[in-house]
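Take a look at the structure set out below.
Number of protein chains: 2
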Amino acid sequence: MQRRGRNGYGAQGRCRRRIGRFLEPCLLLLLHAGESHGYELLENLDRFGFSGNPADSSTIYRILRSLEERGFVTSMWSEGDSGPARRVYTLTEEGNLYLDTWVVDLEETDRILHSFFSEYHSHMKTHHGNDNEKRKE
Amino acid sequence: MQRRGRNGYGAQGRCRRRIGRFLEPCLLLLLHAGESHGYELLENLDRFGFSGNPADSSTIYRILRSLEERGFVTSMWSEGDSGPARRVYTLTEEGNLYLDTWVVDLEETDRILHSFFSEYHSHMKTHHGNDNEKRKE
DNA sequence: TCATCTAGGTGCTACTTGCACATAGATGAA
DNA sequence: TTCATCTATGTGCAAGTAGCACCTAGATGA
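These protein sequences, in sequence, are chains A and B. Number 294 marks the last residue of the first sequence (my numbering); no jumps. Number 294 marks the last residue of the second sequence (my numbering); no jumps.
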């Protein structure tokens, strides 16, 4: 306590703004539209524009398991009309709230991202094309 | 090779769209505006809106070291007019190009993020406020 | 002398993700 | 009947990002 926050950083506990490829909220959103199983969710993910660089199936199954452990989804085995059995996931009320916190978080991330872009573009405008000048003098 | 890509995923090699808190491009952008040292960069990061949840100093120093190992920045010890010596970092031409690839990557991420938002909002509009209906019937 | 500020750093840990690979039921062709 | 293939779920391992606790050390002023 005497050492942490000495320089003002790392003082308000773990509150990571992770987005990475933010697969978790995408899965939650897909499940909000109706129950589904992993393989189907995997295919529907390209709706978000991941198609050029799709997610790995193992990642999706692991996220779903993790969501279930935290009570945000429930799962049931379902003998489908064709193919092997599927583990069908359903969003819970907690998962629904969790999706909302994700959206708030991602909107904040979006703001940060755009402040990066505006900083970048305004800086590039003043150094139009010639970005060596600052290191020359 | 016979197994990977069987379902069409994981077939084009490692091309992770990582953003996380995307501290790396922020540092590159700050260095593009002029040479600086870690402690100063840390303080300037709040320009991007990280202020509510600032980065840890160890993370910044490690990113700077990593950038140097990859040739994107160079560093020199500088005896300042006050306080302890500083390791001053300067962006290289490669680092400048690397920043541009980051921007392209982040713009793609921005598109994905917005397709998420539009999917979310259009879905919420049709289920205005009552999101239990789909699980009730 | 001692606390504090400035500045840089290490060790450990957790989380996310990707790749390789395993398992197994269903389905159809040879 | 056997075998490849598709559908579907999963594990093991490794790398990358980041946070927290903690350390070192010069400068500065009470």
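Here a beta-carbon is modelled for each residue, glycine too, at the ideal position from N, C-alpha and C.
Check: Mind pulling the alpha helix (DSSP H) runs of 4 or more residues that sit fully within the region 206–243 of chain A?
Finding: 214–226
Next item on the list: Indicate the three-state DSSP secondary structure (helix, strand or coil) for S249/B in the structure shown.
Entry: It is worth fixing the name first, because residue 249/B is Thr in this sequence and not Ser. Looking at T249/B - three-state DSSP - the assignment turns out to be coil, as it is neither helix nor strand.
Next item on the list: Please confirm whether L202/A and L184/A have their CB atoms less than 9 Å apart.
Entry: yes
Check: What's the gap between the Cα of P241/A and the Cα of A190/A?
Finding: Between P241/A and A190/A, the C-alpha separation is close to 24 Å.
Next item on the list: Mind checking who S310/A pairs with in its DSSP beta bridge?
Entry: An answer regarding residue 310/A cannot be provided, because it is not within the stretch 158 to 294 covered by chain A.
Check: Hey, is the region 221–230 of chain A in contact with the region 222–238 of chain B, meaning 3+ C-beta pairs nearer than 8 Å?
Finding: no
Check: From I220/A to F179/A, what distance separates their C-alpha atoms?
Finding: 11 Å
Note to self: Can you give me the C-alpha to C-alpha distance between L187/A and G252/A, rounded to a whole angstrom?
What the structure shows: 12 Å
Note to self: Taking the beta carbon of E181/A as the centre, do at least 16 other beta carbons fall within 10 Å, making it buried, or is it exposed?
What the structure shows: buried
Notebook entry, point to check: Given that a residue counts as buried once 16 or more other Cβ atoms are within 10 Å of its Cβ, and exposed if not, what is T283/B?
Noted result: exposed
Notebook entry, point to check: Since F273/A meets chain B, which of its residues come closer than 9 Å, beta carbon to beta carbon?
Noted result: At a C-beta separation below 9 Å, F273/A has these neighbours in chain B: F179, P182, C183, L186, F205, G206, V260, L263.
Margin query: F229/A and T249/A - do their beta-carbons sit closer together than 9 Å?
Written below: With contacts defined by Cβ atoms closer than 9 Å, T249/A and F229/A form a contacting pair.
Item checked: Contact set between A190/A and chain B, taken where Cβ atoms lie within less than 7 Å -> H280
Next item on the list: Evaluate the contact criterion for the region 254–268 of chain B versus the region 253–266 of chain A: three or more CB pairs, one atom per stretch, below 8 Å.
Entry: No, they do not touch.
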